[in-house]
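**Q** Sequential numbering of the sequence shown, starting at 20, is according to this note's numbering.
One structure, pasted below without further comment.
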Amino acid sequence: MATSSVKKCQIAEGTSAATLDRYRHGLETALGIPFTAGNAIDVYRNGDEIFPPMLDAISRSEEMVELLTFIYWKGDIAEKFVEVLSERARAGVTVRVLLDGFGARPMPQRLVERMEDAGVQVRWFRPLPQWKVWNVDNRTHRKILVCDGQTGFTGGVGIAAEWEGHAQDSDHWRETHFRVRGPSVPALRAAFYQDWVEAEYRVDCALERVWPSQEAGDTLVQVLASTASVGFTDIAILHEALVLLARKRLRITTPYFAPHERDVEVIVDAARRGVDIEIILPGPHIDKRVSELAASDDFEPLFEAGVKIWRYQPTMIHTKLVTVDGMLSCIGSANFNQRSSSKDDEIALCVLDPAFTQTMDSHFDEDRQNSVLTTLEDWKRRGMGRRARETVARLMKGET
């Protein structure tokens with residue numbers, strides 16, 4: 020099956036199977052997680068594109084809906100999700116909703132009660148406060164929706180007013196989300212149940228219904244469900260591996276860039292060996308200024324190595340994306356920061372498909388056109404007030 024998928028990519032893109040195998044075998048060796056063939060991935064940008072297929076998939080579900088999200092706040096879209104989830108539960112569908120105990124705290128209690136009254140099983144992941152203080156700082160940042168075991172969604176979107184619309188102004192964010200079909204969907208369910216079982220204290224719920232894998236396309240996908248660790252998590256290993264695998268071009272879009280020192284070193288080394296590296300970060304509308312300030316020490320060596328850093332101007336950009344050499348894409352919930360690589364549960368998909376990556380690179384190019392390039396000279400002209408704030412923010416780098 021894998022060979023068939025590689026051959027189809029080769030025919031479509033003029034790419035040798037050996038080139039694709041280099042990325043595949045490198046990531047499988049580094050992470051110990053195989054790619055699966057036969058997948059299809061659809062890309063959606065911004066709320067007007069993202070939410071309709073998610074709501075439609077829920078409304079068409081006949082047996083089970085599993086939703087895990089870090090952010091569930093307020094807004095019209097929050098009401099719509101409650102409405103469709105509740106309707107399915109009343110129709111006899113098993114509906115499970117898992118909310119992070121920190122990220123979803125602003126969710127109005129009346130929305131929770133409406134779902135519970137309809138029969139939705141609502142659980143909280145590590146609710147606050149709790150006596151296990153060592154867990155308080157470790158959250159689930161995953162965004163997963165699976166309907167009837169066959170259709171999955173993941174990416175960066177939260178359920179809140181900020182994600183409505185089409186990024187038309189500073190109140191509506193730029194986002195990318197994905198629909199996944201094929202043999203990779205069970206891995207999304209497994210990531211859901213990793214967190215659900217902790218909240219429910221039951222394993223049997225994960226075994227209630229199992230759907231056979233069905234091929235839906237030609238795309239190779241590797242799914243990583245990363246959890247908090249005192250050492251390297253899969254996300255930390257993945258980010259470094261992606262940089263090390265790059266030979267020609269590396270593109271990164273992330274809303275929060277506060278990398279480990281090791282990440283900066285491998286990016287600098289890649290740039291010095293000739294890899295063209297560009298990073299898109301939020302600009303004036305960033306929602307967590309402390310994240311930008313905390314990473315201040317990292318920018319100068321990147322600039323000096325020739326890394327291009329762009330600041331997105333129209334609104335907050337919340338997209339999480341890495342592309343390598345026009346061949347390989349990394350998507351999901353993880354940011355390029357220390358929280359994602361050590362403290363939070365994350366979901367990431369490596370997509371080995373030149374056609375898919377070409378689409379992702381074209382989206383990167385469009386976002387870059389709406390961004391301003393920051394230069395080393397610009398960076399050195401920072402004022403004393405800014406530098407003082409950076410000094411304080413660096414103390415919180417691991418939390419941003």
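Cβ coordinates follow ideal geometry from the N, Cα and C atoms, glycine included.
1. Give me the residue from Ile69, Leu104 and Asp95 with the minimum Cα distance to valine 84.
2. What is the residue span of the alpha helix (DSSP H) that methionine 379 lies within?
3. CB phenylalanine 244 to CB isoleucine 366, shorter than 7 Å?
4. Do the CB positions of threonine 273 and phenylalanine 355 come within less than 7 Å of each other?
5. Does phenylalanine 144 come out as helix, strand or coil in the three-state DSSP assignment?
6. Glutamine 241 and isoleucine 60: beta carbons closer than 7 Å?
7. Would you mind sorting leucine 118 into buried or exposed? The rule is 16 or more other CB atoms within 10 Å of its CB.
8. Out of curiosity, what's the CA-to-CA distance linking arginine 330 and aspartate 40?
9. For arginine 268, list the residues DSSP reports as bridge partners.
10. Which runs of the alpha helix (DSSP H) spanning at least 4 residues fall entirely within the stretch 48 to 118, listed in chain order?
11. Tell me the rounded alpha-carbon separation between leucine 257 and threonine 38.
12. Count Cβ pairs between the stretch 198 to 214 and the stretch 158 to 165 that sit closer than 8 Å; are there 3 or more?
13. Tell me the residue span of the beta strand (DSSP E) that contains lysine 327.
14. With a CB to CB cut of under 7 Å and the five nearest residues on each side skipped, what residues in its chain are close to glutamate 311?
15. Identify the continuous beta strand (DSSP E) that holds alanine 324 and give its terminal residues.
16. Whole angstroms is fine: what's the gap from aspartate 386's alpha carbon to aspartate 136's?
17. Could you compute how far the alpha carbon of leucine 239 sits from the alpha carbon of lysine 399?
18. In chain order, what residues of the same chain lie with their CB nearer than 6 Å to the CB of alanine 6, ignoring the 5 residues before and after it?
19. In its own chain, which residues sit with a C-beta less than 6 Å from the C-beta of valine 294, not counting the 5 before and 5 after it?
20. Rounded C-beta distance between serine 348 and isoleucine 254? I'm assuming under 8 Å.
21. Are the beta-carbon atoms belonging to asparagine 157 and alanine 247 less than 7 Å from one another?
22. Which partner residues of phenylalanine 355 appear in the DSSP bridge assignment?
23. Could you compute how far the alpha carbon of cysteine 28 sits from the alpha carbon of phenylalanine 322?
24. Quick check on the burial criterion: 16 or more other C-beta atoms within 10 angstroms. Buried or exposed for serine 35?
25. Rounded to a whole number of angstroms, what is the C-alpha to C-alpha distance between methionine 335 and tryptophan 192?
26. Look at the Cβ atom of phenylalanine 144, then the Cβ atom of alanine 218, and state whether they are nearer than 7 Å.
27. Tell me whether isoleucine 336 sits in a helix, a strand or coil according to DSSP, three-state version.
28. Which residues bound the beta strand (DSSP E) around valine 165?
29. Could you spell out where the alpha helix (DSSP H) holding alanine 209 opens and where it closes?
30. For the candidate residues Lys339, Val391 and Ile328, whose alpha-carbon lies nearest to that of glutamate 194?
**A** Reading off the structure:
1. Position 65 of the sequence shown, counting from 1, holds the residue named residue 84. Ranking Ile69, Leu104 and Asp95 by Cα distance to valine 84 puts Leu104 first.
2. Within the sequence shown, residue 379 is the residue found at index 360, counting from 1. 373 to 388 is the span of the alpha helix (DSSP H), which, as asked, contains methionine 379.
3. Walking along the sequence shown from the start, residue 244 turns up at place 225. Walking along the sequence shown from the start, residue 366 turns up at place 347. What sits at residue 244 in the sequence shown is alanine, not phenylalanine. Contact flag set, yes.
4. Taking the first residue of the sequence shown as position 1, residue 273 is located at position 254. Taking the first residue of the sequence shown as position 1, residue 355 is located at position 336. Result yes, Cβ atoms of threonine 273 and phenylalanine 355 sit closer than 7 Å.
5. The count along the sequence shown starts at 1 and reaches residue 144 at position 125. Three-state result, phenylalanine 144: strand.
6. Here residue 241 refers to the residue found at position 222 when the sequence shown is read from its first residue. Here residue 60 refers to the residue found at position 41 when the sequence shown is read from its first residue. No; because the gap between Cβ atoms is not below 7 Å, this pair is not in contact.
7. Your numbering for residue 118 matches position 99 in the sequence shown. Looking at its Cβ environment, which holds 16 or more other Cβ atoms inside 10 Å, leucine 118 is buried.
8. Within the sequence shown, residue 330 is the residue found at index 311, counting from 1. Within the sequence shown, residue 40 is the residue found at index 21, counting from 1. If I take the Cα positions, the gap works out to 34 Å.
9. By one-based count along the sequence shown, residue 268 stands at place 249. Partner(s): Asp295.
10. 65 to 79 and 95 to 109
11. Numbered from 1 along the sequence shown, position 238 holds the residue referred to as residue 257. Numbered from 1 along the sequence shown, position 19 holds the residue referred to as residue 38. If you take the alpha carbons of leucine 257 and threonine 38, they lie about 19 Å apart.
12. yes
13. Residue numbering aside, residue 327 sits at position 308 when the sequence shown is read from its first letter. 327 to 331 is the extent of the beta strand (DSSP E) around lysine 327.
14. By 1-based counting over the sequence shown, the position of residue 311 is 292. Correct list, in chain order: Ile305.
15. The residue given as residue 324 occupies position 305 in the sequence shown. Here alanine 324 belongs to no beta strand (DSSP E); instead the alpha helix (DSSP H) covers 315 to 324.
16. Here the question's residue 386 lines up with position 367 in the sequence shown. Here the question's residue 136 lines up with position 117 in the sequence shown. Their backbone Cα atoms lie some 43 Å apart in a straight line.
17. For the purposes of this step, residue 239 is taken as the residue at position 220 of the sequence shown. For the purposes of this step, residue 399 is taken as the residue at position 380 of the sequence shown. The alpha-carbon atoms of leucine 239 and lysine 399 are separated by roughly 43 Å.
18. This structure does not reach residue 6, given that the chain is present from 20 up to 419, and the question cannot be answered.
19. Residue 294 sits at position 275 when you count from the first residue of the sequence shown. The answer, listed in chain order, is Ala265 and Leu269.
20. One-based indexing of the sequence shown puts residue 348 at position 329. One-based indexing of the sequence shown puts residue 254 at position 235. The Cβ separation is near 15 Å, so there is no contact.
21. What you label residue 157 is simply residue 138 of the sequence shown in a count that begins at 1. What you label residue 247 is simply residue 228 of the sequence shown in a count that begins at 1. Contact annotation: asparagine 157 and alanine 247 have beta-carbon atoms nearer than 7 Å.
22. If you number the sequence shown from 1, residue 355 lands on position 336. BP columns for phenylalanine 355 point to Phe276.
23. Along the sequence shown, read from residue 1 onward, the residue named residue 28 stands at position 9. Along the sequence shown, read from residue 1 onward, the residue named residue 322 stands at position 303. Unreliable positioning characterises cysteine 28 in this predicted model, as indicated by a pLDDT of 43, which lies under 50. A coordinate reading is not provided.
24. Mapped onto the sequence shown, residue 35 falls at position 16. Serine 35 should be labelled exposed.
25. Numbered from 1 along the sequence shown, position 316 holds the residue referred to as residue 335. Numbered from 1 along the sequence shown, position 173 holds the residue referred to as residue 192. So the two alpha carbons sit approximately 5 Å from each other.
26. The residue labelled residue 144 in the question sits at position 125 within the sequence shown. The residue labelled residue 218 in the question sits at position 199 within the sequence shown. Yes, Cβ-Cβ distance for phenylalanine 144 and alanine 218 is below 7 Å.
27. Within the sequence shown, residue 336 is the residue found at index 317, counting from 1. The answer is strand: DSSP assigns isoleucine 336 an E or B state.
28. Looking up residue 165 in the sequence shown gives position 146. Run containing valine 165: 163 to 166, per the beta strand (DSSP E) assignment.
29. Start at 1 with the first residue of the sequence shown, and residue 209 comes out as number 190. 204 to 219 is the span of the alpha helix (DSSP H), which, as asked, contains alanine 209.
30. For the purposes of this step, residue 194 is taken as the residue at position 175 of the sequence shown. For the residues Lys339, Val391 and Ile328, the minimum Cα distance to glutamate 194 belongs to Lys339.
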